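Heads up: the structure comes next, in structure tokens.
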Amino acid sequence: MKCADPRVEFFNRLAENWDNEEPSTQTMAMRLDWHREVLDLKPGQSLLEVGCGTGKTTEWFARAVAPGKVTAVDFSPAMISLARAKNIDADFKCVDICGYMPPDGPYDVVMCFHSFPHFRDQPGALRNLRSCLKPDGRLIVMHLASSAHINGFHSGVGGAIGGDLLPGNDDWPAMLQGAGLGLVELIDRADLFFMEGRPSSKAATGQT
201 MKCADPRVEF
211 FNRLAENWDN
221 EEPSTQTMAM
231 RLDWHREVLD
241 LKPGQSLLEV
251 GCGTGKTTEW
261 FARAVAPGKV
271 TAVDFSPAMI
281 SLARAKNIDA
291 DFKCVDICGY
301 MPPDGPYDVV
311 MCFHSFPHFR
321 DQPGALRNLR
331 SCLKPDGRLI
341 VMHLASSAHI
351 NGFHSGVGGA
361 IGGDLLPGND
371 DWPAMLQGAG
381 LGLVELIDRA
391 DLFFMEGRPS
401 SKAATGQT
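Be aware that the sequence shown starts at 201, since it is given in my numbering, and climbs by one per residue.
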């Protein structure tokens with residue numbers, strides 16, 4: 201049955217050449233290295249990568265939490281097929297996080313890297329992701345650019361992803377609260393968008 205979400209076909213078409221597009225896997229890894237401190241991933245943690253694409257960042261996350269378990273999901277069958285062929289130490293699954301509960305939880309970390317704008321039902325996705333976090337788990341939404349840059353880029357591409365935007369910074373607390381999460385940290389600058397939420401009604405709010 202054909203998926204009703206046009207984003208799936210959009211990314212299926214891009215899959216074959218995805219690894220040839222910039223930034224490269226090596227560049228992604230280098231830039232993630234720069235942000236190790238804010239990511240604060242620990243050996244032995246379990247991590248769910250949501251929107252893993254062809255696995256360009258999955259190996260980096262797998263190394264960061266080794267010997268912990270990584271599950272990587274994407275709604276594009278073509279992307280997942282290519283990711284599985286890389287023999288990365290991760291369990292790849294084709295899952296639409298907006299419509300299905302995440303597999304194999306609970307997790308210490310749920311990572312939405314370069315993916316959150318493409319969730320067709322962002323509040324619903326947050327509720328599903330909250331359900332698979334450990335009580336002290338972390339939900340991270342991360343981009344290697346500012347929210348203004350990300351939103352402007354998607355609007356410029358148009359088509360299936362033209363309306364795929366990050367929420368406004370002032371909208372995150374209410375969105376998270378609706379999913380049973382609290383805002384811990386929000387960074388929005390030229391080289392980094394980083395939002396962390398946790399399943400705690402008393403989460404301390406920080407914004408830079």
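Glycine included, C-beta positions come from ideal geometry on N, C-alpha and C. Since we're looking at a predicted model, the values are computed, not measured.
The distance from the Cβ of H314 to that of I361 is about 12 Å, inconsistent with a contact at the 8 Å cut-off. Judged by DSSP secondary structure, H343 falls within the beta strand (DSSP E) whose first and last residues are 333–343.
Linking I280 to G378 through their CA atoms gives a straight-line distance of about 30 Å. Counted as a single uninterrupted DSSP element, the stretch harbouring I288 is not any alpha helix (DSSP H), since DSSP gives it neither H nor E. In chain order, G268, K269, Y307, D308 place their CB closer than 6 Å to the CB of S246, counting only its own chain and leaving out the 5 sequence neighbours on each side.
V273 carries a strand assignment under DSSP once its states are collapsed to helix, strand and coil.
Under the 8 Å Cβ criterion, the stretch 374–394 counts as touching the stretch 343–354, having at least three qualifying pairs. Under the DSSP assignment, E249 falls in the beta strand (DSSP E) whose first and last residues are 247–250. Residue pairing by DSSP puts K293 in a beta bridge opposite V273. Residue pairing from DSSP places R389 in a beta bridge opposite L392. In the DSSP secondary-structure assignment, F261 is not bridged to any residue.
D219 sits close to T254, with the two beta carbons spaced by under 8 Å. For F313, the enclosing beta strand (DSSP E) has its first and last residue at 307–313. Distance between L333 and R213, taken at the CA atoms: about 32 Å. Short of 7 Å from the beta carbon of A229, and not among the five residues preceding or following it, lie these beta carbons of its own chain, in chain order: W260.
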